[in-house]
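> Have a look at this one.
The structure is reproduced here in structure tokens:
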């Protein structure tokens, strides 16, 4: 697994880290996932969760309230309570609090049974997990997902973020998402930040959480140093 930080622009600190699957030779997530056969999805999903928790329990500084964000495949989760057993066992074995775990599913994976997805989210919340929709605005369901259920967090897709400081169309769409999220009590995270201008515009628009290469690239089995560039009043933190 590689880890990429999530930055909290209000508290000016690292809020958490997303665990990203990597190959043994450092291959990216797309390359690894392309090798997973449909019948292997469930086991692979389970193993990734356990590996992420084990690594985070060793890497996260003691005493800091950091979130560990783990991607999951909705179509690989058969029975929510049963699927969580390995996760809960790993968290208990590593003394990693379940309240520090966030599960995010990508909108790019089509979910045919939204009732099943709602059951998954409900079961996860029973155990204190935070829930998130990844790649929001670039996938199959879009706003329809928010009608069915409301996650704790929305991650705005990088296609909406890229060059937003100079794109009135992107600004209008993201402003609309922020309005909807605010009404529903959902926190917004902008992912794929690559420039200071993107960050400053979105921060001024009301986005609180950020992730992207401008802050730090993912680091393989370690926590990367986070750099905040030339933003006034913000230095570099490890």
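Numbering (my numbering), first residue to last: 2 to 239. C-beta: ideal position from N, C-alpha, C; glycine also. Values in this document were obtained by computation on a predicted structure and should not be read as measured data.
Closer than 8 angstroms by C-beta to residue 30: which residues in its own chain qualify, once you throw out the five before and the five after it? Chain order, please.
Translated into positions along the chain shown, residue 30 becomes position 29. Hits under 8 angstroms: 21, 22 and 23.
> Tell me which residues share the same chain as residue 241 and place their Cβ nearer than 8 angstroms to its Cβ, disregarding the 5 neighbours each side in the sequence.
Residue 241 is absent from the structure shown; the chain starts at 2 and stops at 239.
> On the DSSP bridge assignment, give the partners of residue 18 in chain order.
As a working note, residue 18 is residue 17 in the chain shown. DSSP output for residue 18 lists 6 and 69 as bridge partner(s).
> Can you tell me whether residue 6 is buried or exposed, with buried defined as 16 or more other CB within 10 angstroms of its CB?
On the chain shown, position 5 is the one that residue 6 refers to. It is buried - the Cβ of residue 6 has at least 16 other Cβ atoms within 10 Å.
> Indicate the three-state DSSP secondary structure (helix, strand or coil) for residue 90 in the structure shown.
One-based indexing of the chain shown puts residue 90 at position 89. The answer is helix: DSSP assigns residue 90 an H, G or I state.
> Tell me whether residue 224 is buried or exposed, calling it buried when 16 or more other Cβ atoms sit within 10 Å of its Cβ.
Taking the chain shown and counting its residues from 1, one reaches residue 224 at position 223. The residue is buried, with at least 16 neighbouring Cβ atoms inside 10 Å.
> Where do the ends of the alpha helix (DSSP H) carrying residue 160 lie?
Translated into the one-based positions of the chain shown, residue 160 becomes position 159. Element bounds for residue 160: 159-162.
> Assuming residue 71 and residue 102 make a contact with CB atoms under 8 angstroms, what is their CB distance in whole Å?
On the chain shown, position 70 is the one that residue 71 refers to. On the chain shown, position 101 is the one that residue 102 refers to. Rounded, the Cβ-Cβ distance is 6 angstroms, consistent with contact.
> Using the three-state DSSP reduction, which class does residue 239 fall into: helix, strand or coil?
As a first step, residue 239 is located in the chain shown; it is residue number 238 there, counting from the start. Annotation note: pLDDT 38 at residue 239 (below 50); position unreliable, coordinate value reported separately. If DSSP states are grouped into helix, strand and coil, residue 239 belongs with coil.
> Which class does residue 231 belong to by DSSP, given the choice of helix, strand or coil?
As a first step, residue 231 is located in the chain shown; it is residue number 230 there, counting from the start. With a pLDDT of only 46 at residue 231, under the threshold of 50, the placement of this residue in the model should not be trusted; the figure read from the coordinates follows. Note: residue 231 maps to coil in three-state DSSP.
> According to DSSP, what are the bridge partners of residue 212?
Along the chain shown, read from residue 1 onward, the residue named residue 212 stands at position 211. In the DSSP output, where bridge partners are listed per residue, residue 212 has 192.
> Exposed or buried, what is residue 239 when buried is set at 16 or more other beta-carbons lying within 10 Å of its beta-carbon?
For the purposes of this step, residue 239 is taken as residue 238 along the chain shown, with counting starting at 1. Per-residue confidence for residue 239 stands at a pLDDT of 38, beneath the threshold of 50, marking its modelled position as unreliable; no derived number is given.
> Among the candidates 67, 97 and 154, whose CA atom is the shortest distance from the CA of residue 186?
One-based indexing of the chain shown puts residue 186 at position 185. Checked all of 67, 97 and 154; the closest Cα to residue 186 is 154.
> Going by beta-carbon coordinates alone, are residue 91 and residue 99 separated by less than 7 angstroms?
The residue given as residue 91 occupies position 90 in the chain shown. The residue given as residue 99 occupies position 98 in the chain shown. No.
> From the DSSP output, in three-state form, read off residue 182 for me.
In the chain shown, the residue the question calls residue 182 occupies position 181. Note: residue 182 maps to helix in three-state DSSP.
> On a Cα-Cα basis, can you pick out the residue from 165, 157, 161 and 121 that is closest to residue 150?
Within the chain shown, residue 150 is the residue found at index 149, counting from 1. Nearest C-alpha to residue 150: 121.
> Which of helix, strand or coil does DSSP assign to residue 25?
On the chain shown, residue 25 is found 24 positions in, with the first residue counted as 1. Coil at residue 25, not helix or strand.
> Where do the N-terminal and C-terminal ends of the alpha helix (DSSP H) with residue 40 fall, by residue?
On the chain shown, position 39 is the one that residue 40 refers to. Counting along the chain, residue 40 falls outside any alpha helix (DSSP H), and DSSP gives it neither H nor E.
> Can you confirm whether the region 160-167 touches the region 192-208 when touching is taken to mean that 3 or more C-beta pairs between the two stretches lie within less than 8 angstroms?
Because the criterion of three Cβ pairs below 8 angstroms is met, the region 192-208 and the region 160-167 touch.
> Tell me whether residue 175 is buried or exposed, calling it buried when 16 or more other Cβ atoms sit within 10 Å of its Cβ.
Position 174 of the chain shown, counting from 1, holds the residue named residue 175. It counts as buried.
> Taking residue 149 as part of the alpha helix (DSSP H), name the residues at either end of that continuous run.
Start at 1 with the first residue of the chain shown, and residue 149 comes out as number 148. Looking at the DSSP string, the run of the alpha helix (DSSP H) that includes residue 149 is 144-149.
> Can you give the Cα-Cα distance for residue 188 and residue 177, rounded to whole angstroms?
In the chain shown, counting from the first residue as 1, residue 188 sits at position 187. In the chain shown, counting from the first residue as 1, residue 177 sits at position 176. For residue 188 and residue 177, the distance between alpha carbons rounds to 14 angstroms.
> Whose C-beta lies closer than 8 angstroms to the C-beta of residue 87 among residues of the same chain, with five residues either side of it excluded?
Numbered from its first residue, the chain shown carries residue 87 at position 86. Answer for residue 87: 47, 50 and 51, listed in chain order.
> Compute the Euclidean distance between the alpha carbons of residue 11 and residue 209, then round it to the nearest angstrom.
Position 10 of the chain shown, counted from the first residue, corresponds to residue 11. Position 208 of the chain shown, counted from the first residue, corresponds to residue 209. Going by the C-alpha atoms only, they are around 6 angstroms apart.
> Can you list, in chain order, the residues of its chain with a C-beta nearer than 7 angstroms to that of residue 159? Leave out the 5 residues immediately preceding and following it.
Working through the chain shown from its first residue, we reach residue 159 at position 158. Closer than 7 angstroms at the Cβ level, and outside the excluded window around residue 159, lie 192 and 193.
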